[in-house]
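Reviewing the structure listed below.
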Amino acid sequence: MQHDDLLVGFDTSDDAAVYRLTDDLAVVQTIDFFPPIVDDPYDFGAIAAVNALSDVYAMGGTPLLALNIVCFPEDLPKEVLGRMLLGGMDVAKEAGIVIAGGHTVKDREPKYGLSVTGIVRPDSIVTNAAAAAGDDLVLTKPLGSGIITTAAKAGVTDDATLAGAVATMRQLNRAGGEAMVAAGVKSATDITGFGLAGHMLGMLKASGTAAKVRFPDVPLLPGVRELAERGVVPGGTRNNLDAFDPQIAWGDSITDEEKLIFCDAQTSGGLLIAVPQASTQAVLDGLAQRGVTGAVIGHVVAEEDAANTLEVTA
45 MQHDDLLVGF
55 DTSDDAAVYR
65 LTDDLAVVQT
75 IDFFPPIVDD
85 PYDFGAIAAV
95 NALSDVYAMG
105 GTPLLALNIV
115 CFPEDLPKEV
125 LGRMLLGGMD
135 VAKEAGIVIA
145 GGHTVKDREP
155 KYGLSVTGIV
165 RPDSIVTNAA
175 AAAGDDLVLT
185 KPLGSGIITT
195 AAKAGVTDDA
205 TLAGAVATMR
215 QLNRAGGEAM
225 VAAGVKSATD
235 ITGFGLAGHM
245 LGMLKASGTA
255 AKVRFPDVPL
265 LPGVRELAER
275 GVVPGGTRNN
285 LDAFDPQIAW
295 GDSITDEEKL
305 IFCDAQTSGG
315 LLIAVPQAST
325 QAVLDGLAQR
335 GVTGAVIGHV
345 VAEEDAANTL
355 EVTA
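Taking this note's numbering, the leading residue of the sequence shown gets 45, the next gets one more, and so forth.
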């Protein structure tokens with residue numbers, strides 16, 4: 045649907061919709077929910093809430109208000125539901141937002157998430173369609189949550205490895221959003237189910253650009269490389285590789301396991317930020333001041349300067 049005040053809609057598959065209210069104020073709207081990816085209901089609720097809020101941060105916005113979305117089986121103890129909602133509520137408190145209610149339906153499988161409303165200045169919107177040749181690509185969280193949570197469900201990873209993934213998924217992307225807005229960044233996206241490969245390709249397509257990435261510069265969660273080498277990889281990750289492989293020029297020394305990690309389906313991943321080189325250090329410093337480590341993993345190039353939409357080398 046087209047409307048003069050719909051500043052960001054579905055045209056470029058961006059992270060959230062943005063609707064202008066006045067010349068100085070716009071609303072950011074998003075919704076996200078999914079079934080459990082970890083066994084602990086509190087952790088699941090917290091991760092789901094962080095994941096939903098991430099879309100607003102990725103647009104350069106400030107979340108204000110959320111509504112719970114819950115699907116829950118009749119045969120599960122209500123204590124499980126309470127723990128899920130408590131995880132979401134604690135994240136809302138951390139983010140400084142209000143959960144003002146929500147909606148619940150009966151379902152065979154639990155599902156949880158949030159509908160989030162935020163605000164942004166129309167002249168400060170960050171989209172996935174503004175990456176420019178010469179921009180550095182900064183990633184704010186390590187990869188591998190899909191592989192690690194799959195391994196945990198199969199009982200083939202240790203508690204410390206899972207705890208590292210949970211801590212990363214539980215981390216708000218507020219720091220990334222604040223740091224990039226302070227530096228005047230115009231293009232970013234968050235990394236979720238389509239993996240780093242899919243969401244980066246989406247940004248490049250929307251921006252009419254290409255990119256070159258060095259895999260050794262991409263941060264990985266501890267333990268993920270070993271699990272991938274053992275073949276512990278979710279179906280969604282393999283589907284991502286099958287879908288995106290034709291658009292990626294892989295370096296000769298990139299292994300099959302590294303390709304899968306690059307395409308790993310993430311939950312509550314970090315922000316991928318396209319930063320003009322003159323502002324890269326300001327973004328990295330802004331992240332560090334907020335307790336987050338950013339990694340420069342590559343750079344944006346003009347389409348004619350790349351062998352494919354995305355080149356990944358060792």
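Backbone N, C-alpha and C fix where the C-beta goes; we use that ideal spot for every residue, glycine too.
- S297 sits exposed, since fewer than 16 C-beta atoms from the chains shown fall within 10 Å of its C-beta.
- Contact annotation, N112 with T236: C-beta distance approximately 19 Å; criterion of less than 8 Å not satisfied.
- Segment contact: the segment 173-185 against the segment 143-160, fewer than three CB-CB distances shorter than 8 Å; contact not assigned.
- Distance from D179 to H343 at the Cβ level is roughly 6 Å; contact confirmed, criterion being Cβ atoms closer than 8 Å.
- C-alpha of A110 to C-alpha of D48: approximately 26 Å in a straight line.
- As DSSP reads the structure, C307 sits in no beta bridge.
- Rounded to whole angstroms, the separation of the alpha carbons of A211 and L183 is 17 Å.
- The beta-carbon distance between Q73 and A60, rounded to whole angstroms, is 6 Å. This is short enough to meet the 8 Å contact definition.
- For E347, there is no enclosing beta strand (DSSP E), as DSSP marks it with neither H nor E.
- Rounded to whole angstroms, the Cβ separation of A309 and G239 is 5 Å, and the two are in contact under 8 Å.
- Taking 7 Å as the cut-off, the beta carbon of Y86 is found no closer than this to the beta carbon of V114.
- F54 has no beta-bridge partner at all, per DSSP.
- Contact between the segment 267-281 and the segment 189-197 is present: 3 or more CB-CB pairs across the two stretches fall below 8 Å.
- Counted as a single uninterrupted DSSP element, the stretch harbouring S231 is not any alpha helix (DSSP H) but the beta strand (DSSP E) occupying residues S231 to D234.
- The Cβ-Cβ distance between A241 and C307 falls below 7 Å.
- Around the CB of H243, 16 or more other CB atoms lie within 10 Å, so the residue is classed as buried.
- Just measuring C-alpha positions, the residue of F116, P107 and K122 sitting nearest V142 is P107.
- Rounded to the nearest angstrom, the gap between the Cα atoms of A326 and E270 is 34 Å.
- Within the same chain, and ignoring the five residues on either side of K185 in sequence, the residues whose Cβ sits closer than 6 Å to its Cβ are T212, G313 and G314.
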